[in-house]
């Protein structure tokens, strides 16, 4: 299995965050006093609520897919020794920067990147 799975996991996490932000933004627009108009107020509110309901259904589906993908990523990460597991979890699950990872592993960024490249190469060879 190619390590694209880890990248997919990160991308899906960002997509979920963006969808949550969009839902929040629509709710704030619906609650805004500036939104009120002389005509069509109820239709606008109903349309907005319907949009939020639809987006929340999509969000729920994505969260379920995200959980499934997390389990796949976790099963791949588990095959490595402790330091490598920590690096992969920090990079893909927690989405840390290289500097944050380096600080937690007590090494420099270039060492983390080298270790990461080696792990990804190994995962891709096993595919």
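Numbering (our numbering), first residue to last: 64 to 190.
Quick reminder that beta carbons are idealized off the backbone N, C-alpha and C, glycines included.
Predicted model, so just to flag it, every value in this text is computed and none were measured.
What three-state label does DSSP hand residue 157 in the structure shown? Mapped onto the chain shown, residue 157 falls at position 94. In the structure shown, residue 157 sits in coil (DSSP, three-state: anything other than H, G, I, E or B).
Could you tell me if residue 92 is buried or exposed, where buried requires 16 or more neighbouring beta carbons within 10 angstroms of its beta carbon? For the purposes of this step, residue 92 is identified with residue 29 of the chain shown, where counting begins at 1. Residue environment analysis places residue 92 among the exposed positions, since fewer than 16 neighbouring C-beta atoms fall within 10 angstroms of its C-beta.
Return yes when the Cβ of residue 132 is within less than 8 Å of the Cβ of residue 72, no when it is not. The residue labelled residue 72 in the question sits at position 9 within the chain shown. The residue labelled residue 132 in the question sits at position 69 within the chain shown. Cβ distance < 8 Å, so residue 72 and residue 132 count as in contact.
Cβ separation of residue 125 and residue 70, assumed to be a contact under 8 Å, to the nearest whole Å: Locating residue 125 in the chain shown gives position 62, where the first residue counts as 1. Locating residue 70 in the chain shown gives position 7, where the first residue counts as 1. In this structure residue 125 is not in contact with residue 70, their Cβ atoms being roughly 16 Å apart against a cut-off of 8 Å.
For the alpha helix (DSSP H) that contains residue 171, what are its first and last residues? Against the chain shown, residue 171 aligns to sequence position 108. Neither: residue 171 is in no alpha helix (DSSP H) and is coded neither H nor E.
Through-space distance from residue 189 to residue 140, alpha-carbon basis: Numbered from its first residue, the chain shown carries residue 140 at position 77. Numbered from its first residue, the chain shown carries residue 189 at position 126. Answer to the nearest angstrom: the Cα atoms are 13 Å apart.
On a CA-only basis, which of 186, 130 and 107 is nearest residue 75? Give me that one, please. Against the chain shown, residue 75 aligns to sequence position 12. Nearest option by C-alpha distance: 130.
Alpha-carbon spacing of residue 108 relative to residue 85, whole angstroms: One-based indexing of the chain shown puts residue 108 at position 45. One-based indexing of the chain shown puts residue 85 at position 22. The C-alpha of residue 108 lies about 16 Å from the C-alpha of residue 85.
Under the rule that 16 or more other beta-carbon atoms within 10 Å means buried, what is residue 153, buried or exposed? For the purposes of this step, residue 153 is taken as the residue at position 90 of the chain shown. Buried, since its Cβ has 16 or more Cβ neighbours within 10 Å.
Could you give the residue range of the alpha helix (DSSP H) that holds residue 83? Against the chain shown, residue 83 aligns to sequence position 20. According to the DSSP assignment, residue 83 belongs to the alpha helix (DSSP H) that extends over 67-94.
Residue 136, buried or exposed, once every other Cβ within 10 Å from all chains shown has been counted against 16: Here residue 136 refers to the residue found at position 73 of the chain shown. Around the C-beta of residue 136, 16 or more other C-beta atoms lie within 10 Å, and the residue is accordingly described as buried.
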